[in-house]
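Let me begin by presenting the structure, written as structure tokens, before commenting on it.
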Amino acid sequence: MFKRYTALLLSAAAVMSVGLSACGSNNPASAEASGAAPASSTAAEESKGPDSKIKVSVTFNAMKEFTEAVGKDKVDVATIIPDGTEPHDFEPKAQDLVALSTAQVFVYSGLGMEAWAEDAVKSANSPNLITVEASKGADPIKNTDPEEIEEHGQYDPHIWLSLKGAEIEVKNIKDALVKADGANQQYYEKNCDDFVSKLENLYTEYNKKFQSAEKKSFVTGHAAFGYLCRDFGLEQNSVEDVFAEGEPSAQQLTELVKYCKDNKVTTIFAEEMASPDVSKTLAKEVGANVETIYTIEGGEDSKTYLERVESNLSKIYASLESKA
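Letter by letter, the sequence shown follows residues 2 to 325 of our numbering.
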């Protein structure tokens, strides 16, 4: 695995060298790609012009949004996993890692979401690259299925869908930007505080609603909402597993149908990144509606992170209040 990512990064460096050859030897990225000794982080800060931006490479959309919320106009963010690609299945190619080869900061969510991230960082062999596992310090939800653990690891990775989890990730990203650009520490801290305040306000609003709701469970196509459920004392029942793989057996589908009928479920949620077919079949069988819910893995509907989370919470709450 390590050799594979070393080859990928070398290929990425070769791709970069073609574009950088005309930029002159004073370009720090060019010096780094050519193997010259990189400047220290302090020297890099001192050499930055007033309009220069921190180059940040991130894995997927939610990490991009968190980084831009904290860094705003002082960061230049490149996303590795393209919109429309299921991150669970993503395997990077050389061109996907080009931005990582010249980045000052690399942000990934962690908890097994990007299994390739650590090997890619090692292969980049960039001593000054600041690497951020955004979920560091979180209390992870453990997987219980032996096959899932063997293939994907022991944790549910979907922490960014939780408002409390998002707070942890945003603060870790803020710390990394401060490390990369200490001269603007107050700027990053203020932006972080402002975004965290919005997360907390949204949590307070919906915590009151969910606490008063008589029903506490909902049905999704993809079991991605465990951390959101933990935030509010809810329960998800899902068609597909945590990693959006496989379809339910005839017995599982029969049990889901019975669950939906017994609990008078009126809404089945489906996600753009997972196949909605089984969700639609289930909804038809029990006379429920199908609603789209966001996993915020890609740039869905051109909405912001906060808009999509609020949409999720609003739809889940409406489904709990709905009467059959």
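Glycine residues also receive a C-beta, built at the ideal position from the N, C-alpha and C atoms. Since this is a predicted model, take the numbers as computed values, not measurements.
Nearest-angstrom beta carbon gap, residue j and residue i [assumed within contact, 8 Å]
i	j	result
T221	S239	5 Å
I160	S110	7 Å
V71	N192	5 Å
P93	F61	Not confirmed; about 12 Å, so no contact.
I55	L178	6 Å
D120	P141	Incorrect: roughly 21 Å between the Cβ atoms, too far for contact.
F107	S58	5 Å
T305	E272	Their Cβ separation, rounded to whole angstroms, is 18 Å, which puts T305 and E272 out of contact at 8 Å.
Y207	F233	7 Å
D327	K75	Examination of residue 327 is not possible in this model, given that the chain is present from 2 through 325 alone.
G138	Y228	No, G138 and Y228 are not in contact; Cβ-Cβ is about 14 Å, not under 8 Å.
First through last residue of the beta strand (DSSP E) which encompasses residue i
i	result
F270	268-272
T132	131-134
The alpha helix (DSSP H) enclosing residue i, as first and last residue numbers
i	result
F67	62-72
I169	164-181
I317	306-322
N202	186-213
A284	278-287
D97	No alpha helix (DSSP H) holds D97; DSSP gives it neither H nor E.
L112	Premise fails: L112 is in no alpha helix (DSSP H) and is neither H nor E.
E256	251-263
S127	Counting along the chain, S127 falls outside any alpha helix (DSSP H), and DSSP gives it neither H nor E.
Assigned exposure category for residue i - 16 Cβ within 10 Å defines buried
i	result
E201	exposed
Q105	buried
P128	exposed
E97	Rather than Glu, the amino acid found at residue 97 in this sequence is Asp. Burial call: buried.
S315	exposed
S198	exposed
P80	Checking the sequence shown, residue 80 turns out to be Thr, not Pro. With 16 or more other Cβ atoms within 10 Å, it is buried.
A224	buried
T68	buried
E47	Caution applies to E47, whose pLDDT of 40 falls short of 50 and renders its modelled position unreliable; the value that the coordinates give is listed next. Exposed: under 16 other Cβ atoms inside 10 Å.
A100	buried
G113	buried
E322	exposed
G299	buried
Beta-bridge partners of residue i, as assigned by DSSP
i	result
E236	S218
Y156	K143
S58	A79, F107
I297	Paired residues: none, contrary to the question.
N290	T268
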